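Protein sequences, first through last, are from chains C and S.
If you read the first sequence in the numbering used here, its first letter stands for residue 1, the second for the next number, and so on.
If you read the second sequence in the numbering used here, its first letter stands for residue 254, the second for the next number, and so on.
Just below is one structure, and these are the notes that go with it.
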Amino acid sequence: MLRTIKIVKHQGRQYIKNLQQVTLPLLNNGLPVISSNPCPAACKACVELCPSEAISKDPLTVNLGQCVFCGECVSCKEGIIRFTNNFRIATNNSSCLAVSSTTDHIFFDPELVRKEIIKVFGRSLKLRLVSDGSCNGCELELNATDNVNFDISRYGIEFVASPRHADGIVVTGPLVENSAKALELTWEAIPDPKILIAVGTCAISGGVFKNSKALNRGFFEKHTPDLYLPGCPPHPLTIIDGLLKLTGRITAE
Amino acid sequence: MQQIPVLDYTGFYEEVGRLLHNEHCHCVNYYALPEQQGLRLICCIANDQAHSVGVASSIISLTDKPVIKSLSQVHTSMHIFEREIHERYGVGFEGHPWLKPVRFPFDRVDDVSKMADYPFYGISSHELHEVGVGPIHAGIIEPGHFRFICHGEKVLHLEIHLGYQHRGVEKLMLEKENFLSASVLAESIAGDTVVGHNSACCQVLEALGGIPVTHNMQIARTVAAELERIAMHTADLSALCTDVAFQLGSAVLQGLRTIIINTFMAWCGNRFARKLIRVGYEPYPVNKDIVAVILQNLDNYEKRYCEVVDKMFDMPSVLARFEQTGVVSEAQTRLIGAVGMAARTAGIPRDIRQSHPYSFYKNLNHKPVLLHSGDVKARAKIRDLEIRQSLKYIREMLAHCNISGESNNPVPAYKLQPSGFAISLTEGWRGEICHCAVTDNTGKLAHYKIKEASLHNWMALALAVRNNEISDFPVCNKSFNLSYCGYDL
Chain C
1 MLRTIKIVKH
11 QGRQYIKNLQ
21 QVTLPLLNNG
31 LPVISSNPCP
41 AACKACVELC
51 PSEAISKDPL
61 TVNLGQCVFC
71 GECVSCKEGI
81 IRFTNNFRIA
91 TNNSSCLAVS
101 STTDHIFFDP
111 ELVRKEIIKV
121 FGRSLKLRLV
131 SDGSCNGCEL
141 ELNATDNVNF
151 DISRYGIEFV
161 ASPRHADGIV
171 VTGPLVENSA
181 KALELTWEAI
191 PDPKILIAVG
201 TCAISGGVFK
211 NSKALNRGFF
221 EKHTPDLYLP
231 GCPPHPLTII
241 DGLLKLTGRI
251 TAE
Chain S
254 MQQIPVLDYT
264 GFYEEVGRLL
274 HNEHCHCVNY
284 YALPEQQGLR
294 LICCIANDQA
304 HSVGVASSII
314 SLTDKPVIKS
324 LSQVHTSMHI
334 FEREIHERYG
344 VGFEGHPWLK
354 PVRFPFDRVD
364 DVSKMADYPF
374 YGISSHELHE
384 VGVGPIHAGI
394 IEPGHFRFIC
404 HGEKVLHLEI
414 HLGYQHRGVE
424 KLMLEKENFL
434 SASVLAESIA
444 GDTVVGHNSA
454 CCQVLEALGG
464 IPVTHNMQIA
474 RTVAAELERI
484 AMHTADLSAL
494 CTDVAFQLGS
504 AVLQGLRTII
514 INTFMAWCGN
524 RFARKLIRVG
534 YEPYPVNKDI
544 VAVILQNLDN
554 YEKRYCEVVD
564 KMFDMPSVLA
574 RFEQTGVVSE
584 AQTRLIGAVG
594 MAARTAGIPR
604 DIRQSHPYSF
614 YKNLNHKPVL
624 LHSGDVKARA
634 KIRDLEIRQS
644 LKYIREMLAH
654 CNISGESNNP
664 VPAYKLQPSG
674 FAISLTEGWR
684 GEICHCAVTD
694 NTGKLAHYKI
704 KEASLHNWMA
714 LALAVRNNEI
724 SDFPVCNKSF
734 NLSYCGYDL
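The following block contains the structure:
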């Protein structure tokens, strides 16, 4: 018993009291910022360097739906692209994921949120995960959202075991042919109204697997996600921030 | 590539069979690669005592459905490789016990069969029942189907059916025509083994490109590999605590894992060490600050870790669930060719860090932790002992590190040796990882083959649950914590 008390005492307070005030290290992991300085017209170094085809030119744009945050594009001599530690990169509008020189934050559009989402799920949201070709990176971070540090269940958000108990699904991975049927069945098994969340670069665009013949992204052609959580994998803070915005718990800036 | 001996299949069969009779030898990769004359079978056999890897090959004609003699008849551990070759190219293996599909790859020869229609193994009886679990599981975990055949609560047989995560990684690797893209893809082979797979990929490409790896880069990679081991072992111990309702252990270990992955965050900006390791250069070289962060975090981790884990292994309620649950014997382990922790908990000292040391392991004089009981307790205990060993290694390595924080290596140009063959082995936290690459006569990647420890070890889980209660399946499963995507590729 004494040993147990000692362990509890040494464990201390693990949960992060205010998740809004956390600062991450400045190491190419958050929102990119593109300088308004013009880059040489003929130079396409960053476009060619990008391993996930996230960068396009005229105007220079980094698409966070495709970016794997490898940070290699900061090596550009002109210093046009740099990354901040701003983890608030969730959005409900996929076109807002394109970051250009005029972007200083990722816009989350409260107008776009369906009325029933805030009314029905505003205080309690139960989600079901479908891993569809994912590498287990996003799963580890989704698990971490409910650990002793991030404790997402304080907001009434939980991951449940059955689609019948769930209010929506969280999809990770680039969507593969071998799981296409299982994903569709899970979606059908969830009662209406329901929400769909795409977690990670792979789910949003296919990511580094984009051109593989083993993929079948038909599901996202039929159904549009209510929330996009970019990252490879997204940090638990990004996930929590996005879910709180979607359910109207925090207002977007 | 020309140096790899080509034998006729009878000669190949006998040679491979002969080598595998040596108990220090096991097959690290056996696969087929299409060539002009037919299908070239390449078999790589590691000798743990001689610290060597032997490669032999044979060319078989692909015309009119070839059938060749199965090596699995004599060496069961070859079953999975032969199934893979059968599924992908349609080669028949005479005498193979069960040519069950491996992962339904998109480029399989039989494209009529569908994953959803797969006929599971069944036993007709009025007294037995079947339990199907998955493909989508009840937690935040990857998909796979488990089909149990039970007598009451007792599991008689478990069939594990995978492939739901198949993304075509090996094929995709050929399209990544620069070092950065290849390395980024390798990080996503299994997102829980980023360092293990990415190191293996970088080593293969560095070998083919003739790119030197500096002393400091070797230390950084080895430190990262050991940090990854600590992080995942801690997560697994936490999950095992959850399954046996030791809530305190589960919570404390969750928080401790955060310390380790946040160490990666402070080092390179990613909690899983993505972007830390690149072919031929270091984007995030180790400097004085990083060393201080790592050492401080390890001290903070160790004290609390020892306290809670010592308590865990003293608790009768935990031990009662762990001991003699999910036993895999040494004979079974040898038979199926299990690797990594699954082998080392059944008395087989299979560890690439010792048998084929790479990076800085050459200087560490690593001795694998060896346990013998083959049960859940051994698989929990080995994690504990390996964590303590890793803590020691990291401190030792950081003392050897030149912490100037500068990286002199430029980003290397993409150029690979023409008609080359390279093999690399690493010891991920689950067990051995093997990557093999072949280039064509213009120096373009022509074939890439990945083997992850789970390819062998899923069979160990299937054997572990036999004659156990079905309610012990979760704890058995967690004790292995195998990779779905690393298997499905």
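Glycine residues also receive a C-beta, built at the ideal position from the N, C-alpha and C atoms.
Keep in mind it's a predicted model, so treat the numbers as computed, not measured.
- Query: Residues in its own chain within less than 7 Å of S/V622 by CB, not counting five upstream and five downstream?
  - Reply: As a first step, residue 622 of chain S is located in the second sequence; it is residue number 369 there, counting from the start. Once the five neighbours on either side are set aside, the close Cβ partners of S/V622 are R597, I635, L638, E639, Q642.
Taking Cβ positions only, does S/K541 come closer than 7 Å to chain C? As a working note, residue 541 of chain S is residue 288 in the second sequence. It does not: the Cβ of S/K541 has no partner Cβ on chain C nearer than 7 Å.
Would you tell me roughly how many angstroms separate the C-alpha atoms of S/R648 and S/A519, rounded to the nearest one?
Taking the first residue of the second sequence as position 1, residue 648 of chain S is located at position 395. Taking the first residue of the second sequence as position 1, residue 519 of chain S is located at position 266. Cα atoms of S/R648 and S/A519: separation of roughly 17 Å, rounded to the nearest angstrom.
**Asked** Taking Cβ positions only, does C/A214 come closer than 7 Å to chain S?
**Response** Here the question's residue 214 of chain C lines up with position 214 in the first sequence. Put simply, the CB of C/A214 is near chain S, with a gap under 7 Å to one of its CB atoms.
Quick one: what does DSSP say S/T446 is sitting in, helix, strand or coil?
Counting from 1 along the second sequence, the entry for residue 446 of chain S is found at position 193. In this structure, S/T446 counts as coil in the three-state DSSP scheme.
Query - Rounded separation between S/S325 and S/D363 - CA only - result: To locate residue 325 of chain S, count along the second sequence from 1; it is residue 72. To locate residue 363 of chain S, count along the second sequence from 1; it is residue 110. One Cα belongs to S/S325, the other to S/D363, and the distance between them is close to 22 Å.
With DSSP run on the structure shown, which of helix, strand or coil describes C/P32? The count along the first sequence starts at 1 and reaches residue 32 of chain C at position 32. Three-state DSSP puts C/P32 in a strand.
**Q.** Span of the beta strand (DSSP E) around S/L415
**A.** What you label residue 415 of chain S is simply residue 162 of the second sequence in a count that begins at 1. From DSSP, S/L415 is part of no beta strand (DSSP E); its letter is neither H nor E.
Legend entry - Reduced DSSP secondary structure (H/G/I, E/B, other) of C/A144: Within the first sequence, the letter at position 144 stands for residue 144 of chain C. Helix, per DSSP.
Note to self: Strictly below 7 Å CB to CB, what residues from chain S border C/S35?
What the structure shows: Along the first sequence, one-based indexing puts residue 35 of chain C at 35. In chain order: nothing, as chain S lies at least about 20 Å away.
- Item | Cβ pair S/H486, S/A591 closer than 7 Å | As a working mapping, residue 486 of chain S is identified with position 233 in the second sequence. As a working mapping, residue 591 of chain S is identified with position 338 in the second sequence. Going by C-beta atoms, S/H486 is not nearer than 7 Å to S/A591.
(Q) Give me the subset of the region 125-146 of chain C whose CB atoms are less than 7 Å from a CB atom of chain S, sorted by chain position. (A) Closer than 7 Å at the C-beta level to chain S, one finds these residues of the region 125-146 of chain C: L129, V130, S131, G133, S134, C135, N136, G137, E139, L140, L142, N143.
field: S/F401 vs S/I413 beta-carbon contact at 7 Å
entry: Numbered from its first residue, the second sequence carries residue 401 of chain S at position 148. Numbered from its first residue, the second sequence carries residue 413 of chain S at position 160. S/F401 is not a Cβ neighbour of S/I413, given a cutoff of 7 Å.
* Asked: For C/C70 and chain S, any beta-carbon pair shorter than 7 Å?
  -> Position 70 of the first sequence holds residue 70 of chain C. Yes, its Cβ sits closer than 7 Å to a Cβ of chain S.
* To do: Provide the residue(s) that pair with S/H382 in DSSP beta bridges, ordered along the chain.
  => Your numbering for residue 382 of chain S matches position 129 in the second sequence. Secondary-structure assignment with DSSP links S/H382 through a beta bridge to S/C403.
Step through the CB atoms of chain S and report whether any lies within less than 7 Å of the CB of C/K181.
For the purposes of this step, residue 181 of chain C is taken as the residue at position 181 of the first sequence. Taking 7 Å as the threshold, the shortest C-beta distance from C/K181 to chain S falls below it.
| Would S/P350 count as contacting chain C if we go by Cβ distances under 7 Å? | In the second sequence, counting from the first residue as 1, residue 350 of chain S sits at position 97. Not one beta carbon of chain C lies nearer than 7 Å to the beta carbon of S/P350.
Handout entry: 8 Å Cβ cut-off: residues of chain S touching C/H10
Key = Position 10 of the first sequence holds residue 10 of chain C. Here the neighbours are K556, R557, E560.
Margin query: Looking at the secondary structure, which residues open and close the alpha helix (DSSP H) in which S/I257 lies?
Written below: Residue numbering aside, residue 257 of chain S sits at position 4 when the second sequence is read from its first letter. Boundaries for S/I257: no alpha helix (DSSP H) harbours it, and the DSSP string shows neither H nor E there.
- Check whether S/G416 and C/N136 have beta carbons under 7 Å apart: Translated into positions along the second sequence, residue 416 of chain S becomes position 163. Translated into positions along the first sequence, residue 136 of chain C becomes position 136. For the pair S/G416 and C/N136, the CB atoms are not nearer than the 7 Å cut-off.
Query raised in the report: So the alpha helix (DSSP H) S/H279 belongs to, where does it begin and stop?
Result: Within the second sequence, numbered from 1, the residue matching residue 279 of chain S stands at position 26. The continuous stretches of alpha helix (DSSP H) do not include S/H279, which lies in the beta strand (DSSP E) extending over residues 278-288.
Straight-line gap, S/T329 to S/L588 (C-alpha atoms, nearest Å) = In the second sequence, residue 329 of chain S corresponds to position 76, counting from 1. In the second sequence, residue 588 of chain S corresponds to position 335, counting from 1. Note on geometry: alpha-carbon atoms of S/T329 and S/L588 lie some 6 Å from one another.
Between S/C738 and chain C, is there a C-beta pair that is closer than 7 Å? Counting from one through the second sequence, the residue named residue 738 of chain S turns up at place 485. Chain C, which has a Cβ nearer than 7 Å to the Cβ of S/C738, makes this yes.
For this session: Taking the CB atoms as reference points, tell me whether S/K731 and S/L438 lie closer together than 7 Å.
Result: In the second sequence, counting from the first residue as 1, residue 731 of chain S sits at position 478. In the second sequence, counting from the first residue as 1, residue 438 of chain S sits at position 185. The answer is no: Cβ separation not under 7 Å.
Residue of S/G462, S/E459, S/D542, S/H419 minimising C-alpha distance to S/I442 | Start at 1 with the first residue of the second sequence, and residue 442 of chain S comes out as number 189. Nearest C-alpha to S/I442: S/H419.
Report task. Using the DSSP secondary-structure output, state which residues sit across from S/R531 in a beta bridge. Result -> The residue given as residue 531 of chain S occupies position 278 in the second sequence. Per DSSP, the beta-bridge partners of S/R531 are S/Y534.
Task: CB contact check: C/T186 to chain S, cutoff 7 Å - done: Position 186 of the first sequence, counted from the first residue, corresponds to residue 186 of chain C. So yes, C/T186 belongs to the interface.
Q: Compute every distance between the C-beta of S/Q256 and the non-hydrogen atoms of the ligand GTP, then say whether any falls below 6 Å.
A: The model depicted lacks the ligand GTP and carries no ligand whatsoever.
Starting from the beta carbon of S/A369, find every residue of chain C whose beta carbon is closer than 8 Å, and list them in chain order.
Numbered from 1 along the second sequence, position 116 holds the residue referred to as residue 369 of chain S. Near S/A369 (Cβ distances below 8 Å), the residues of chain C are K181.
query: Are the C-beta atoms of C/F159 and some chain S residue less than 7 Å apart?
result: Here the question's residue 159 of chain C lines up with position 159 in the first sequence. At least one beta carbon of chain S lies nearer than 7 Å to the beta carbon of C/F159.
| said: From the DSSP secondary-structure annotation, give me the bridge partner or partners of S/R293. | reply: If you number the second sequence from 1, residue 293 of chain S lands on position 40. DSSP lists S/L286, S/I312 as partners of S/R293.
Measuring only the C-alpha atoms, how far is S/H274 from S/Y283? Start at 1 with the first residue of the second sequence, and residue 274 of chain S comes out as number 21. Start at 1 with the first residue of the second sequence, and residue 283 of chain S comes out as number 30. Distance between the alpha carbons of S/H274 and S/Y283: 16 Å.
### Message
Looking only at its chain, what residues have a beta carbon closer than 8 Å to the beta carbon of C/D226, apart from the 5 residues adjacent to it on each side?
### Response
Position 226 of the first sequence, counted from the first residue, corresponds to residue 226 of chain C. Its chain contains N92, V113, R114, I117, G168, I195, L196, I197, L246 as the residues whose beta carbon lies nearer than 8 Å to that of C/D226, once the 5 sequence neighbours on both sides are disregarded; these appear in chain order.
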